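A.B. asks: Following this message is one structure expressed as structure tokens.
Number of protein chains: 2
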Amino acid sequence: MSSKPPTTAAASPRPENLGVLLREPFRVASARLHERFAERGHPDVRAPHGNVMQFLDDEGTRVSVLAERAQMTKQAMGELVAHLESHGYVERVPDPADRRAKLVRSTAKGNELYAIAREFVAETEAEWTELLGAERMRQLRGILEDLNAGL
Amino acid sequence: MSSKPPTTAAASPRPENLGVLLREPFRVASARLHERFAERGHPDVRAPHGNVMQFLDDEGTRVSVLAERAQMTKQAMGELVAHLESHGYVERVPDPADRRAKLVRSTAKGNELYAIAREFVAETEAEWTELLGAERMRQLRGILEDLNAGL
DNA sequence: CTCATGTCAGGTTGACTGACATTG
DNA sequence: CCAATGTCAGTCGACCTGACATGA
Numbered sequence: 330m331s332s333k334p335p336t337t338a339a340a341s342p343r344p345e346n347l348g349v350l351l352r353e354p355f356r357v358a359s360a361r362l363h364e365r366f367a368e369r370g371h372p373d374v375r376a377p378h379g380n381v382m383q384f385l386d387d388e389g390t391r392v393s394v395l396a397e398r399a400q401m402t403k404q405a406m407g408e409l410v411a412h413l414e415s416h417g418y419v420e421r422v423p424d425p426a427d428r429r430a431k432l433v434r435s436t437a438k439g440n441e442l443y444a445i446a447r448e449f450v451a452e453t454e455a456e457w458t459e460l461l462g463a464e465r466m467r468q469l470r471g472i473l474e475d476l477n478a479g480l
Numbered sequence: 330m331s332s333k334p335p336t337t338a339a340a341s342p343r344p345e346n347l348g349v350l351l352r353e354p355f356r357v358a359s360a361r362l363h364e365r366f367a368e369r370g371h372p373d374v375r376a377p378h379g380n381v382m383q384f385l386d387d388e389g390t391r392v393s394v395l396a397e398r399a400q401m402t403k404q405a406m407g408e409l410v411a412h413l414e415s416h417g418y419v420e421r422v423p424d425p426a427d428r429r430a431k432l433v434r435s436t437a438k439g440n441e442l443y444a445i446a447r448e449f450v451a452e453t454e455a456e457w458t459e460l461l462g463a464e465r466m467r468q469l470r471g472i473l474e475d476l477n478a479g480l
């Protein structure tokens, strides 16, 4: 038992890293959303899958368009869609306008999932708003939008 | 050639997802930092490795403490440190106060790496400040700090 | 005996690139 | 012939949990 100052000091008194500050809320929210899906009877759906639902149009949407909207490759989106389809959340119907393409459409089960996701988002934003105040919450969104638009 | 409205419409006119807004700047910055390291002769170092450097004390730091500071498990941090060591950026010396522990210390090469990282961070913050203005840049940091503290 | 430190082994998530058949 | 769509195959980065030897 040494008499030195404890090496296992408390939390870092260091300048908080901006990268970590940006990453953490996203990670926490994703984990919570996954948990929420599981609680509501959809244990096979994780955050990225739920996220896809918001990009679906009523008429059906191509994988390539979904990929564009979610800012990922078509392959990665294809995987998400395949997973969602295999669990009955979406269906893929041929696009009458282009026989290469398929239109991804939400099923009733998918709508249910999306409702849970929207509810979660609303809750999360409410929690953050309570934490920050409405004014700073609005600032946060505005600043992030400009930042993303600019990079 | 159908006369329908183009399915491959431009960028999503949808309400921007707060999650994506948070994730993207981090992803972009990480990719750029990796690229920068490569340009400066350190192709084997990626963003998380460089990130470790800022958590090192001059006297040397335990893996467990590093993990705590970076908010990850000791195993994950152990991997990062092992990688850094195998490329000569840090060295591990036995902790005289505790024979289980090893102190991770930066080498001269590590200091060089850290300098590049700091330079990059400064550049990035300057870029963002130019994009947002100094006032909103300060707001962003403050808001994120409070948000992270609260969740 | 219990707890902390670090490492080993293995698994998972969420992406990526390249190649390809099909169709426009 | 060239471009776009979606899928298959393989790879990777960045984590995770569990088990363990060593030592406080």
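Top to bottom, those sequences are chains A and B.
At position 51 of the first sequence the residue is numbered 380 (our numbering), and the sequence of numbers has no breaks.
At position 85 of the second sequence the residue is numbered 414 (our numbering), and the sequence of numbers has no breaks.
Don't be surprised by glycine CBs; every beta carbon is placed ideally from N, CA and C.
A quick note: this is a predicted structure, and the numbers were derived from the prediction, not measured.
Only counting the same chain, and skipping five residues up and downstream in sequence, which positions put a Cβ closer than 6 Å to that of A:Arg398?
C.D. replies: Hits under 6 Å: Phe384.
A.B. asks: Taking Cβ positions only, does B:Asp355 come closer than 8 Å to chain A?
C.D. replies: Residue identity differs from the one stated: residue 355 of chain B is Phe in this sequence, not Asp. So, interface residue.
A.B. asks: For B:Arg465, return the contacting residues in chain A, with the cut-off set at a CB-CB distance below 7 Å.
C.D. replies: Chain A residues near B:Arg465: Ile472.
A.B. asks: Can you tell me the Cα-Cα spacing of A:Glu448 and A:Phe366, whole angstroms?
C.D. replies: In a straight line, the C-alpha of A:Glu448 is about 11 Å away from that of A:Phe366.
A.B. asks: Quick check on DSSP: helix, strand or coil for B:Leu480?
C.D. replies: It is coil, neither helix nor strand.
A.B. asks: Of all the CB atoms in chain A, is at least one closer than 8 Å to the CB of B:Asp475?
C.D. replies: At least one chain A Cβ lies under 8 Å of B:Asp475.
A.B. asks: Could you check whether B:Ile472 and A:Gln468 sit closer than 8 Å to each other, using their CB atoms as the reference points?
C.D. replies: A contact, by the Cβ cut-off of 8 Å.
A.B. asks: May I ask you to report which of helix, strand or coil DSSP gives B:Ala340?
C.D. replies: Its pLDDT being 41, under 50, B:Ala340 is placed unreliably by the model, and nothing is read from it.
A.B. asks: Which residues does DSSP list as the beta-bridge partners of A:Val419?
C.D. replies: Beta-bridge pairing links A:Val419 to A:Ser435.
A.B. asks: Considering B:Pro377, what are the terminal residues of the alpha helix (DSSP H) in which it resides?
C.D. replies: Residues 376-382.
A.B. asks: Helix or strand or just coil, what does DSSP make of B:Met466?
C.D. replies: The answer is helix: DSSP assigns B:Met466 an H, G or I state.
A.B. asks: Nearest by alpha-carbon distance to A:His564: which of A:Glu408, A:Arg391, A:Val394, A:Ala358 is it?
C.D. replies: Because chain A spans 330 through 480 in this model, residue 564 of chain A falls outside it and cannot be assessed.
A.B. asks: How about A:Leu432 and A:Asp424: do their beta carbons lie closer than 8 Å?
C.D. replies: Their beta carbons are under 8 Å apart, which means A:Leu432 touches A:Asp424 by this criterion.
A.B. asks: Can you have a look at B:Val381 and say buried or exposed, based on whether 16 or more other CB atoms are within 10 angstroms of its CB?
C.D. replies: Buried: at least 16 other Cβ atoms inside 10 Å.
A.B. asks: What's the C-alpha gap between B:Leu395 and A:Lys438?
C.D. replies: If I take the Cα positions, the gap works out to 44 Å.
A.B. asks: Can you round the beta-carbon distance between B:Gln404 and A:Val349 to whole angstroms, since I take them to be within the 8 Å contact cut?
C.D. replies: About 19 Å separates the two Cβ atoms, so there is no contact after all.
A.B. asks: If the cut is a Cβ gap below 7 Å, which residues of chain B does A:Leu469 touch?
C.D. replies: Residues of chain B passing the Cβ test: Ile472.
A.B. asks: Helix, strand or coil: which one does DSSP assign to A:Ser332?
C.D. replies: The pLDDT assigned to A:Ser332 is 34, lower than 50, so where the model puts this residue is not dependable; a value taken from the coordinates is nonetheless given after this. Reduced to three states, the DSSP call for A:Ser332 is coil.
A.B. asks: How is B:Thr390 classed by DSSP in three states: helix, strand or coil?
C.D. replies: Strand, per DSSP.
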